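Okay, structure first, notes after.
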Amino acid sequence: MDNLIFAAEVFVNGLMAGVLYSLVAIGFVLIYKASGIFNYAQGVMALFSALTLVGLMNGQVPFGHLINAIFGTQVHHFGWHLPAIVAIVLTMGVMVALAWIVQRVIFRHLINQEPIILFMATIGLAYFMEGLGDMMWGADIKKLDIGLPQGINTGIDSFTADLFGYGFFIDNLDIVATFIAAGLVVVLVAFSHYTKQGRAMRAVADDHQAALSVGVSLNFIWILVWSVAGFVALVAGIMWGTKSGVQFSLSLIALKALPVLMLGGFTSIPGAIVGGLIIGIGEKLFEFSVGPIIGGATENWFAYVLALIFLVFRPQGLFGERIIERV
Amino acid sequence: MKKTLFGTLIVGALTSATPAMAELVFPSLSYRTGPYAANGVAIADGYADYFTLLNERDGGIGGEKARVIECETAYNTEKGVECYESTKGSGALVYQPFSTGMTYQLIPKVTADGIPLHTMGYGRTSAKNGMVFRNVFNYPANYWDGASVAIKHLLAINSGDIKGKTVALVYHNSAYGKEPIRTLEELKKKHGYELLLLPVDHPGQEQKSQWLQIRRERPDYVLMWGWGIMNQVAIQEAVNIRYPMENFIGIWWSGSENDVLPAGDGANGYKSLTFHNLGDDFPLYDDIRKYVTDAGKAAGDGTHVGTVLYNRGLYAAMLAAEAAKTAQKIHGTGKITPMQMRDGMEALEMTEEKMTALGLPDFGPSFDVSCENHGGDGFAAVAQWNAGAKQWELITEYVQADQDVVNPLIDEDSTAFAKENNISPGCG
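Keeping their order, the protein sequence lines are chains A and B. So my numbering is basically just the index in the first sequence, starting at one, shifted up by 11. So my numbering is basically just the index in the second sequence, starting at one, shifted up by 1227.
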């Protein structure tokens, strides 16, 4: 009976972890769906946006180290602290500007290139952004506190303690992340279905040529998509950065999104959500039940095994589009 | 005219890039970029600043200028090996890669090339046996010493009896993280505690399963062998489940300011091992400010001075400089070779008097190096995080690891290595 209760706790925590994986995966899906580009830089975008957010909140002078090294000055901070909401809006502005630059400087020149070329361009972009983030904001680990609650939810703890005689641990941050992810999906779906730009985005995703023929600007749509992906990266960066501090390892969260994408499909936002949940629950329950028998640390590889098992039966992922190419 | 000018510039650039042979070269395989940059910057700054101080204040080491060649590895083992290959021809006296992965790759290379390798508190533990690992040194302490000192601390706070207590080890699921298991299992037989092993996959961003298990099983103590983001996440998760932080002890690679600051006040009371002292309240740091940071000659922006990892980089440089001085004395020359440096390292004696004279009183344990013992005497202390003051504080003296347990394990492992690699152990 105890094990069943513990498994239930693990199950709920798996769900919550899955939501965090989905947050990263959605960014990949948005760009892939609209442009066919597998954006290797998505993890670095989350890092860059979180670095920018903390930097703006703390009033840090961007490129301070560089300025000081060149001019022999000692400028580090502007001396002000921005409220979180203002810093988030400004960071979003930076991500939109970045989307514009990425489109103008890189992808505008690569239209009609092979997908592998576009993929390689995003690898270059990832390294560039990592270096840029380092130069702008420094390599220190930064505490990110935008007022999100963290730690055990005492309500759930005492409720489950009364019910089962064992209080469940659910992190308040994970609960917030779940609501934010749900809100994000609703906003994205509403945006893509009920706004002109959203419909244009879907048109481009369905057929580039057809969208172009009816006057949709491919350049604008790609900037829009990269901006929205930047927004999703910012949300993921906030959640993961709050957990561990904002640091360069954050770029590795992309590793957590890959099995989610394989399972849910590269072209479906609901797929990213469902895929994330399945991976989250699956890896946590496997670690709980089988991990102790085989030495533990199963979560990373089990996520990929689970994704591969699904691929055998649905190569396009659970919600992905089935692509049939005739010779 | 243009051609002449261009040619002159090229020749000038090449001439200035050629190493001056009279310099003592100390390569620094740094990682100022990549996922572990936050740690790498402080270590590299401390290492470089100490040699800058010696050059600016003393004119170098034994009359010879020290030169630090920094090569960026981003904590990538392949890049580290490339850095080694590209710098070894510059007259490199000793390598200190600050990476266990690189250490394993470099051991056969330095052995073949006759260049010493110093892996202070990391790397291959059994390299302590200098009769097998002739060119590798790991003084003043190694991972197995760390495991033993952690258990000794638990014994000390439990009046010498931890029988029946449960000790969990949260470790990075890699060769590094698995290092203390053998020692902890041996110590378990001796002291009668239960050992709970909880591996965490690289990089360690997601540890919910491990900490839920800790919450369920409530081990009396948690030890951690982590690195980078794994540390910050583990400490935050411990705070989240309200694990008593004074019962949570990290190895020295899990005990910098970087590891505790993201968790804020919740990290108060967390403990970590260390094999060197903390803070900047030492006479030498006045000189660091006067001759290096305030003079605009620091490797970084000076903000890391006195932090745990800066001190570790500085301590590594100080030990290298002292070994170079010893080598100069033994061989009667200022311009020592890598093999002469090795002799200096093998004859190194670190005493309290010497450290006081250097302006670093009580900065590290006293130890002697010999052919048989390349690893020092295994002394380490316990530090505790004071979140209010935002500083680490030493809460114990330097305590010696249980040599009766550690040394037989080292003999066993190094003998097996010697057998596999056809090495005849000896001091000749």
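Just so you know, even glycine gets a beta-carbon here, dropped at the ideal spot from N, CA and C. Source: prediction; values computed, not measured.
- The Cβ atoms of residue 1602 (chain B) and residue 1458 (chain B) do not sit closer than 8 Å to each other.
- DSSP places residue 182 (chain A) in the strand class (E or B) of the three-state scheme.
- The C-beta of residue 164 (chain A) comes no closer than 8 Å to any C-beta of chain B.
- Looking only at B:1429, B:1633, B:1384 and B:1463, the smallest Cα-Cα distance to residue 1485 (chain B) is reached by B:1463.
- Under the 8 Å Cβ criterion, the stretch 310-330 of chain A does not count as touching the stretch 53-69 of chain A, having fewer than three qualifying pairs.
- Beta-bridge pairing by DSSP links residue 1612 (chain B) to B:1619.
- What residue 79 (chain A) touches in chain B, judged by beta-carbon distance under 9 Å, is 1528, going in chain order.
- Closest by C-alpha distance to residue 281 (chain A), out of A:20, A:40 and A:23, is A:40.
- Interface annotation for the stretch 300-319 of chain A against chain B: 302, 303, 306, 307, 308, 309, 310, 311 and 312, criterion Cβ-Cβ distance under 9 Å.
- Around the beta carbon of residue 1654 (chain B), fewer than 16 other beta carbons lie within 10 angstroms, which makes this residue exposed.
- Residue-level contact check: residue 1272 (chain B) does not touch chain A, since none of the beta carbons of chain A fall below 8 Å from its beta carbon.
- The alpha-carbon separation between residue 1454 (chain B) and residue 210 (chain A) amounts to approximately 46 Å.
- About 6 Å separates the Cβ atoms of residue 1460 (chain B) and residue 1431 (chain B), confirming a contact at the 8 Å cut-off.
- The criterion of a C-beta distance shorter than 8 Å is satisfied by residue 146 (chain A) and residue 77 (chain A).
- Residue 1285 (chain B) is not a Cβ neighbour of residue 1526 (chain B), given a cutoff of 8 Å.
- CA-to-CA, the gap between residue 1626 (chain B) and residue 1424 (chain B) works out to about 25 Å.
- For residue 1443 (chain B), the neighbours in chain A by C-beta distance under 8 Å run, in chain order, 17.
- Contiguous alpha helix (DSSP H) elements confined to the stretch 79-115 of chain A occur at 95-112, taking only those with 4 or more residues.
- DSSP places residue 219 (chain A) in no beta strand (DSSP E) but in the uninterrupted alpha helix (DSSP H) bounded by 219-224.
- Counting the other Cβ atoms within 10 Å of the Cβ of residue 170 (chain A) gives fewer than 16, which makes it exposed.
- Shown in chain order are the members of the stretch 173-207 of chain A whose Cβ falls below 7 Å from a Cβ of chain B: 180 and 182.
- Taking 8 Å as the cut-off, the Cβ atoms of residue 1611 (chain B) and residue 1540 (chain B) do not count as close.
- By the Cβ test, the stretch 99-119 of chain A is not in contact with the stretch 29-43 of chain A, since fewer than three Cβ pairs between them sit closer than 8 Å.
- Around the Cβ of residue 12 (chain A), a 10 Å sphere holds fewer than 16 other Cβ atoms; the residue is exposed.
- Close partners of residue 74 (chain A) in chain B (Cβ separation under 7 Å) are lacking, with about 13 Å as the shortest Cβ gap.
- For residue 1257 (chain B), there is no enclosing alpha helix (DSSP H); the enclosing beta strand (DSSP E) covers residues 1251-1257.
- Residue environment for residue 304 (chain A): exposed (fewer than 16 other C-beta atoms within 10 angstroms of its C-beta).
- Take the alpha-carbon of residue 276 (chain A) and the one of residue 23 (chain A): they are about 24 Å apart.
- Shortest Cα-Cα distance from residue 317 (chain A) to any of A:290, A:214 and A:309 involves A:290.
- Within chain A, the C-beta atoms nearer than 9 Å to that of residue 1260 (chain B) come from 141, 142, 145, 150 and 259, in chain order.
- For residue 1437 (chain B), the closest of B:1467, B:1412, B:1559 and B:1501 by C-alpha to C-alpha distance is B:1467.
- Taking CB atoms only, residue 122 (chain A) has no neighbour in chain B less than 8 Å away.
- Considered as a whole, the stretch 1419-1500 of chain B harbours 1421-1427, 1448-1452 and 1475-1477 as its complete beta strand (DSSP E) runs of no fewer than 3 residues, in chain order.
- Taking C-beta separations shorter than 6 Å and ignoring five residues to either side along the sequence, the partners of residue 1518 (chain B) in its chain run 1280, 1283 and 1284, following chain order.
- Sequence-distant partners of residue 1617 (chain B) (beyond 5 residues in either direction) whose C-beta falls short of 8 Å from its own C-beta, in its chain, are 1484 and 1488.
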